[in-house]
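The sequence shown maps to residues 60 to 468 in the working numbering.
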Amino acid sequence: MHIPRPLGTTRAALSGAALVGALAAGLAAAPAGAATAAAPAGPAAAVASPPAVQAGSAPSVAPSVALSARVTAIKHGLGRVTLSGTAEPGRAVFVGGDVVESAARVASEDGTWTARIRAQPGDRVLQVAESGVWKPVDVPVTILRLLAPEMTGVVDDSGRSVALSGSGYPNARIVITVDGERAGTAKADANGDWSSTVRGLAFGQRHIGAAQHFDGAQNGGVDDVFLVDGSAVDVRADVDHDRGLIQVSGRAPSGTELGFLHDGAAITGPDGAAVSAVPGDDGVWRASLPLPGAGVRFHAIDVVTLVGGTEVGRTTTSATIPEPLTARVQSQGEGRAVLVGGGEPGATVRFTHENGAPLRDGDGAAITAIVGRGTWQRTISTTGLGGARILLTADVGGSVVGRAAVTIG
């Protein structure tokens with residue numbers, strides 16, 4: 060709590076005689092438990108205290124409960140100060156001084172009282188007086204002009220957590236809430252910096268707040284909305300030509316299940332059941348999907364993340380279906396054959412005898428051809444190949460994207 064050294068009499072402070080006199084005139088007969096009396100709005104000097112009257116003589120009998128007062132909470136942004144203390148049971152207690160709104164209370168049967176006043180920011184001196192008691196109590200208090208606290212967050216989707224950090228008032232207690240429910244606390248350091256991580260979050264948009272507490276009250280706060288996304292990441296789709304499959308893989312939060320859609324319909328396997336995958340503890344998953352029908356070049360796949368059958372994320376990927384490899388003998392004669400065909404642009408076509416031996420040119424190098432704009436051509440020697448079947452393989456980056464065969468006449 061921020062209480063500076065006692066200040067001198069301020070512009071709105073009543074003298075001890077005036078304050079006690081006011082109590083004698085207006086509060087001595089107040090009923091027990093009377094509500095706080097707020098002065099009308101206006102300059103503090105004009106509205107802080109009731110009209111002064113001449114004080115009477117000091118009481119002949121000392122009270123059994125001494126008058127005391129202390130600040131128990133300050134809401135700096137509103138200028139609201141809560142005071143508590145002791146006084147003779149049943150006696151009226153008035154809180155005034157350098158205030159905008161004063162307050163009057165009656166001490167309870169156990170000799171305690173609580174009151175709330177409002178004052179302007181800055182160093183203030185509050186005065187507390189009790190009916191029948193000559194000398195009021197001065198209570199210095201500082202009301203701060205606060206900047207709003209700050210908060211940033213880094214979302215870990217797979218870990219279902221948000222790492223928060225921020226700045227606020229030095230040594231303040233930060234109360235963190237998620238969707239209105241308390242989720243933890245943090246302590247600001249001497250520079251006002253704080254950090255905390257909230258875990259176990261549900262997927263979707265989460266409303267996270269950080270309320271700043273010091274001087275016995277909440278003094279400001281900040282909130283933001285963070286998306287905890289269950290969508291799969293690092294998704295790739297590779298065509299396995301030889302197996303007639305699309306191999307899809309990626310990472311997703313553990314504890315989820317993945318489904319696969321094309322044009323809104325579930326992709327099914329050979330058994331007619333929808334293909335699904337479950338991430339391992341490390342989040343890695345794999346699935347095998349059938350190739351689409353002939354003529355499809357780009358095959359869109361929606362990877363849907365599910366928790367209990369509810370979608371919590373979606374990632375769209377696409378598999379590029381290679382152009383089929385084709386081959387034919389365009390011409391043959393004088394010990395040579397011209398082979399032509401089509402295939403995946405950029406693919407390398409390799410030629411192998413049906414006995415497994417690669418075809419080689421006169422220099423002993425393996426014969427290959429490059430598919431240009433969808434077509435290729437290669438002239439080979441037919442020596443020793445009469446009636447032989449030649450196997451052709453097309454690959455891109457070492458992955459087979461097509462196979463074909465021709466027979467040399």
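C-beta atoms are modelled at their ideal positions from N, C-alpha and C, and glycine is treated no differently.
As a beta-bridge residue in DSSP terms, E240 pairs with V237.
With the rule of 3 Cβ pairs closer than 8 angstroms, the region 219-233 counts as touching the region 248-259. Your pair G263 and V287 checks out as a contact, with CB atoms roughly 6 angstroms apart and the cut at 8 angstroms.
Note that the region 300-316 does not touch the region 231-240; fewer than 3 beta-carbon pairs, one per stretch, sit closer than 8 angstroms. In the structure shown, R432 falls within a coil segment according to DSSP collapsed to helix, strand and coil. As computed with DSSP, E160 is found in a beta bridge with R177. The residue among I235, G218 and S217 with its C-alpha nearest the C-alpha of S224 is I235. By the neighbour-count criterion, in which 16 or more other beta carbons inside 10 Å mark a residue as buried, G138 falls on the buried side. Distance from the Cα of G331 is smallest, within the candidate group R409, T145, A270 and L348, for L348.
In this structure, the beta-carbon distance from R387 to E413 does not fall below 7 angstroms. Between A359 and T375 the beta-carbon gap is near 6 angstroms, inside 8 angstroms, which marks them as a contact. For L304, the enclosing beta strand (DSSP E) covers residues L304 to R310. The beta carbons of A453 and E403 sit closer together than 7 angstroms. Here DSSP, grouped into helix, strand and coil, assigns L451 to strand. Following the DSSP letters along the chain, one finds L142 inside the beta strand (DSSP E) bounded by residues R139 to T145. Under DSSP, F410 forms a beta bridge with L451.
The alpha-carbon separation between A174 and G279 amounts to approximately 22 angstroms. The C-beta distance from Q179 to I202 rounds to 7 angstroms, short enough to meet the 8 angstroms contact threshold. In the DSSP annotation of this structure, L260 is not part of any beta strand (DSSP E), being labelled neither H nor E.
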